[in-house]
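Chains as they are written, first to last, in the numbering used here: chain A, 305 to 416; chain B, 1040 to 1151.
What follows is a short report on a single structure.
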Amino acid sequence: GESVGLHLPTLSVQEGDNSIINCAYSNSASDYFIWYKQESGKGPQFIIDIRSNMDKRQGQRVTVLLNKTVKHLSLQIAATQPGDSAVYFCAENRDNFNKFYFGSGTKLNVKP
Amino acid sequence: NAGVTQTPKFRVLKTGQSMTLLCAQDMNHEYMYWYRQDPGMGLRLIHYSVGEGTTAKGEVPDGYNVSRLKKQNFLLGLESAAPSQTSVYFCASSYSGVPGAFFGQGTRLTVV
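What follows is the structure, given as structure tokens:
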């Protein structure tokens, strides 16, 4: 079946470097995507979202890129900090605006 | 302002026992959701509700029931717990038409 997935299960970066977390989706009808951050022992936290009529959206230190041609989503974190260490999930809206399906997550380790 | 509160935070059940997980939100959100998260996996939607008195099935509804008698509360019931239901359960809520969802801290359930 169609699903949301991630390329890399674990990513290690040096503090201060930029991080790129990738996500592949297979449902071409999906029109809305969200990135969540989940710290250990906590619930997911909304980071940034993007609609399918956009290819880039920027937030504070984060940028989401959407390539609909290859069904690929990425999250870029600038000047990665130790507090960015967490698991990052992309979530895809398939059926209606408020029901999302999550990928398996990428763990980001930030080395001091 | 507490946000989304889940009760209890931890629970151990014996196979065949029943229990109810409570989710309460104080943000006047219309939509509420129950997800489960298994090790190394993303969140999977169990059931959701688009308003008081309404519920709908998500990806993995079997073995669970829900009720939304009051707008602020969303209850998840396990009638006869099975070891396969060992997981971390997250409740979330959101405004209709507004991106993203606010998650609770999770309930760690172990069925032995």
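From the three backbone atoms N, C-alpha and C, an ideal C-beta is built for every residue, glycine too.
- Contact annotation, Gly-1143 (chain B) with Gln-1045 (chain B): C-beta distance approximately 4 Å; criterion of less than 8 Å satisfied.
- With contact defined as three or more Cβ pairs closer than 8 Å, the stretch 369–388 of chain A and the stretch 311–326 of chain A are in contact.
- Leaving aside the five residues that flank Thr-1093 (chain B) on each side, the residues in its chain whose CB is nearer than 8 Å to its CB run, in chain order, Arg-1107.
- Here the alpha carbon of Glu-1091 (chain B) sits roughly 26 Å from the alpha carbon of Ala-1120 (chain B).
- Interface annotation, Leu-1052 (chain B): not in contact with chain A, CB-CB separation never under 7 Å.
- At a beta-carbon threshold of 8 Å, none of the residues of chain A lie near Phe-1113 (chain B); the nearest stands roughly 14 Å away.
- Comparing C-alpha distances from His-1086 (chain B) to each of B:Glu-1098, B:Asp-1077, B:Gln-1076, B:Lys-1048 shows the shortest one belongs to B:Glu-1098.
- Residues of chain B whose Cβ lies closer than 7 Å to the Cβ of Lys-341 (chain A) do not exist; the shortest such Cβ separation is about 11 Å.
- Judged by DSSP secondary structure, Glu-396 (chain A) falls within the beta strand (DSSP E) whose first and last residues are 390–397.
- With fewer than three CB-CB distances shorter than 8 Å, the stretch 1064–1073 of chain B does not count as touching the stretch 360–375 of chain A.
- Look at the stretch 328–340 of chain A: the residues with a C-beta under 9 Å from a C-beta of chain B are Tyr-336, Ile-338, Tyr-340.
- For the stretch 352–364 of chain A, the beta-carbon criterion of a distance under 7 Å to any beta-carbon of chain B is satisfied by Asp-353.
- Within chain A, the C-beta atoms nearer than 7 Å to that of Gly-1143 (chain B) come from Gly-347, in chain order.
- Residue pairing from DSSP places Ile-381 (chain A) in a beta bridge opposite A:Ser-323, A:Val-366.
- Within the same chain, Cβ atoms closer than 7 Å to the Cβ of Gln-318 (chain A) are found at Lys-415, the five residues on either side in sequence being excluded.
- According to the DSSP assignment, Asp-353 (chain A) belongs to the beta strand (DSSP E) that extends over 349–355.
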